[in-house]
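So the protein sequences, as listed, match chains A and B. To convert, note that position 303 of the first sequence is 303 in the UniProt record's numbering; the numbers rise steadily by one, no gaps. To convert, note that position 149 of the second sequence is 149 in the UniProt record's numbering; the numbers rise steadily by one, no gaps. We put the CB at the ideal spot given by N, CA and C, even for glycine.
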Amino acid sequence: MITAARLGKRYGDKVAVDDLSFEVRPGTVTGFLGPNGAGKSTTMRLMLDLDRGTGETRFDGRRFETIRHPMREIGAVLEAKAFHPTRTARNHLRMLAAGSGIPATRVDEVLEFVGIAEVARRKPKGFSLGMAQRLGLAQALLGDPATLILDEPANGLDPHGIHWLRDVLRALAAEGRTIFVSSHLLSEMSLMADELVVVGRGRMIYNGGVDGFVRSFTQSTVLVRTPSVSMLVDALRAVPGISVSAEGADGVRVSGASSATVGDVAFAAGVRVHELSTTTASLETAFMTATGAAEEYVAQAPAGGGE
Amino acid sequence: MTDALRFEWVRLRTLRSTYWLIGSALLLNAVIAVLIAWLEPDDPGRDLMVAAVTGGGANLPVPMAVVFLAVLGVLASGHEYRYGTIQPTLTSVPRRLRLFSAKLLVVGATGLVVTFLSIVVNVGVTRFFWSSLPLADPTVAGYLLLGGLWSVLGVALGQLLRGVPGALVVLLVTPMIVEQLIFRLSYAPALDWLLPAVKFLPFTAGLQLVSAAGEASGGLASEVGLFSRWPSGVVFAVFVAVTVVGAGVLFRRRDA
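Next up, the structure:
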């Protein structure tokens, strides 16, 4: 169980993390989602006492600084390639094991577990990003910790690797561990996570289940095709709360009403309908809607754009 | 603290550059010793003998082999930032001052051992030319101290500047260019107000530890305005201590 309370961090005038409080429960995978620059990594660094800021994080009720061997309780990977390029994967882990009083035999176990045992004695400078991520996970699991904090662990993994990572994280969660994983891709998170903490510009946007997030940030629209577009539009405009836009020559896109309502309105107005269908916005759209206004670096379109 | 020391010891042992640096230091010193002995096989003065054992003594702007030990120290702390390993390191050894102390201790001790080994090797290689060596000379003890201090200074600078390049620049440019310049400029009549400061130039002062006759840059220490061996050693040691304390305080306070 991780309890983060009122985390805050500013660099000069710029607020990187703004009064973030959340809980990460054991037994589930909690995704930490936000666009690039939203403050995810800074939050994780604050949690691990790497950065000096405000607020407090407790791991099973204890503050990081009071834990004698954090590696045995919290496995953390914040950067994909946090190793010396010419120190072998095995030696890298042996070094960390030595500092935490973890037996050296555990090193080979975790390397085996993440599937890079055959390159254990190789220098990691030639590792692909995927192999580096696996070494990172091995490092996080070294102390058999009850809590895992991983920053973008799926970055650089191929679809097979992402699938594997998801299975591993789910299996670890099923063992009762607390797992906190960041990503800037909702599609990745929707595969891996049960719970979500969504941030934008250092602020909390959403905290709850993945389904709930999708539901509250996806707006369903109804597409109607009819030979009498103008009649239908006039009829729909008369209903409060409904907005209408044209979709091709014979189509109308309706938001703010269910397909049943739209069908009833059309029937009452005596309009013939050729098609009536509901469209639910994709996960990515939901994410963009949720974080759009909080985007840190907007490329071209102005902030707040849905599509 | 034991865990931190074990961490640091494994860190040092599992890096190929450790062996390169130590090997280079030993080899370079041996070559200097052989050259001196070869050029002066008969009846060398005490100064020459001492210089041969201490890798050239105070005749060079920086004691060559000792620079390699300082680099060893710079890598100990600087690599953590160069390769982003500071995060896993601090998860393994969370107490920052404990980690920093372990680095200072392990690298400092390694520096002392290597310096000692170098003296032994140099005695060995000069045996073919000379029959006896003044090993009890205070210069030899000064050399050991210098080796230890430079190693520790390397760790502190790498930590203070959080990286390798900056620390190397400070380590090489300060003694070879900045201090040399100030030292020489102080002879100019218009700049004679620099003279009192010269004895406090840290690296120049440190070099007096291996100066055979309390001699510095062509003249006796008192004539060129320097302290003699041990007071100069204290100046350098204080400089190293201040750097260590500064690095430790900032390490504790700053974002990792």
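Minimum C-alpha distance to residue i - residue among the options
i	options	result
ASP194 (chain A)	A:TYR11, A:ARG6, A:LEU7, A:VAL24	A:VAL24
PRO61 (chain B)	B:VAL245, B:LEU201, B:PHE227	B:LEU201
LEU203 (chain B)	B:LEU146, B:GLY225, B:GLN159	Per the sequence presented here, residue 203 (chain B) reads as Phe, with Leu not at that position. Nearest C-alpha to PHE203 (chain B): B:LEU146.
ASP167 (chain A)	A:VAL244, A:LEU185, A:MET189	A:MET189
VAL123 (chain B)	B:ALA37, B:SER186, B:VAL74	B:ALA37
ARG237 (chain A)	A:MET131, A:VAL222, A:GLU65, A:VAL254	A:VAL254
LEU223 (chain A)	A:GLY212, A:PHE217, A:SER245	A:SER245
LEU160 (chain B)	B:LEU28, B:ALA76, B:ARG95, B:ALA136	B:ALA76
LEU142 (chain A)	A:THR57, A:ARG106, A:VAL271	A:ARG106
LEU135 (chain A)	A:VAL199, A:ILE242, A:ALA235, A:PRO85	A:PRO85
ALA257 (chain A)	A:ARG272, A:GLY270, A:THR280	A:THR280
residue 312 (chain A)	A:ILE102, A:ALA138, A:GLY208	In the structure as shown, chain A starts at 1 and stops at 307, and residue 312 (chain A) therefore has no counterpart that could be examined.
ARG254 (chain B)	B:LEU28, B:ILE86, B:GLY148, B:LEU191	B:ILE86
VAL262 (chain A)	A:ILE242, A:ASP250, A:GLU247, A:ALA249	A:ILE242
MET204 (chain A)	A:MET1, A:LEU33, A:ALA269, A:THR57	A:LEU33
Within chain B, the residues that residue i reaches when beta carbons sit closer than 8 Å
i	result
ARG52 (chain A)	ARG253, ARG254, ASP255
LEU148 (chain A)	Neighbours of LEU148 (chain A) on chain B: none; closest Cβ ~12 Å, over 8 Å.
LEU48 (chain A)	GLN87, LEU90, THR91
Proximal chain B residues relative to residue i, where beta-carbon distance stays under 7 Å
i	result
GLY99 (chain A)	ASP3, ALA4, ARG6, PHE7, SER92, VAL93
PRO70 (chain A)	THR91, PRO94
LEU78 (chain A)	GLN87
Interface residues of chain A facing residue i [CB-CB closer than 8 Å]
i	result
GLN159 (chain B)	Here the premise fails: no neighbours, minimum Cβ distance about 15 Å.
THR18 (chain B)	What THR18 (chain B) touches in chain A: nothing, since even the nearest Cβ is about 11 Å away.
For residue j and residue i, believed in contact at Cβ under 8 Å, the rounded distance
i	j	result
residue 308 (chain A)	PRO145 (chain A)	Chain A is shown only over 1 to 307; residue 308 (chain A) falls outside these bounds and no answer can be derived.
PRO44 (chain B)	TRP130 (chain B)	7 Å
PHE68 (chain B)	ALA33 (chain B)	Not a contact, Cβ separation roughly 16 Å.
ALA52 (chain B)	ALA212 (chain B)	Incorrect: roughly 10 Å between the Cβ atoms, too far for contact.
LEU112 (chain B)	LEU144 (chain B)	6 Å
GLY156 (chain A)	LEU129 (chain A)	3 Å
THR30 (chain A)	VAL252 (chain A)	Actually they are not in contact, since the Cβ atoms of THR30 (chain A) and VAL252 (chain A) sit about 41 Å apart, beyond 8 Å.
Counterpart residues of residue i in DSSP-defined beta bridges
i	result
LEU7 (chain A)	A:LEU20
PHE180 (chain A)	A:THR30, A:ILE149
THR57 (chain A)	A:ALA4
ASN36 (chain A)	DSSP, once it has assigned bridges, lists no residue as partnering ASN36 (chain A).
LYS14 (chain A)	A:TYR11
GLY75 (chain A)	A:LEU148
TYR206 (chain A)	A:VAL198
ALA33 (chain B)	Answer by DSSP bridge pairing: none, since ALA33 (chain B) is not bridged.
VAL242 (chain B)	Answer is none; VAL242 (chain B) lacks a bridge partner.
ARG253 (chain A)	A:LEU223, A:SER245
GLU275 (chain A)	A:ARG225
Residue i: contacting residues in chain A (beta-carbon distance under 9 Å)
i	result
LEU15 (chain B)	HIS84, THR86, ARG87, ASN91
Outcome for residue i when other beta-carbon atoms lying within 10 angstroms are tallied against a minimum of 16
i	result
ILE177 (chain B)	exposed
LYS9 (chain A)	buried
ASP3 (chain B)	buried
VAL75 (chain A)	According to the sequence provided, residue 75 (chain A) is Gly. The question's Val does not apply to it. GLY75 (chain A) is buried by the Cβ-count criterion.
LYS125 (chain A)	exposed
GLU8 (chain B)	buried
LYS14 (chain A)	exposed
ALA4 (chain A)	buried
ASP151 (chain A)	buried
ARG90 (chain A)	buried
VAL229 (chain A)	buried
MET131 (chain A)	buried
TRP193 (chain B)	exposed
PHE217 (chain A)	buried
ALA197 (chain B)	exposed
TYR187 (chain B)	exposed
THR278 (chain A)	exposed
PHE100 (chain B)	buried
PHE185 (chain B)	In the sequence as displayed, the identity of residue 185 (chain B) is Leu instead of Phe. It counts as exposed.
ARG210 (chain A)	Sequence check: residue 210 (chain A) is Val here, not Arg. With 16 or more Cβ atoms within 10 Å of its Cβ, VAL210 (chain A) is classed as buried.
VAL120 (chain B)	exposed
LEU20 (chain A)	buried
THR66 (chain A)	exposed
Partners in chain B for residue i, counting only beta-carbon separations shorter than 9 Å
i	result
ILE74 (chain A)	THR91
LYS81 (chain A)	TYR83, GLY84
LEU111 (chain A)	The contacting residues do not exist; LEU111 (chain A) stays about 15 Å from chain B at best.
GLU65 (chain A)	PRO94, ARG95
LEU169 (chain A)	Simply none; closest approach about 19 Å.
Where residue i meets chain A, residues with beta-carbon distance less than 7 Å
i	result
VAL10 (chain B)	ARG94, MET95, ALA98
PRO88 (chain B)	ALA82, LEU96, GLN139
Below-7 Å beta-carbon distance, residue i vs any chain D residue
i	result
VAL164 (chain B)	Here chain D cannot be found, since the structure's protein chains are A and B.
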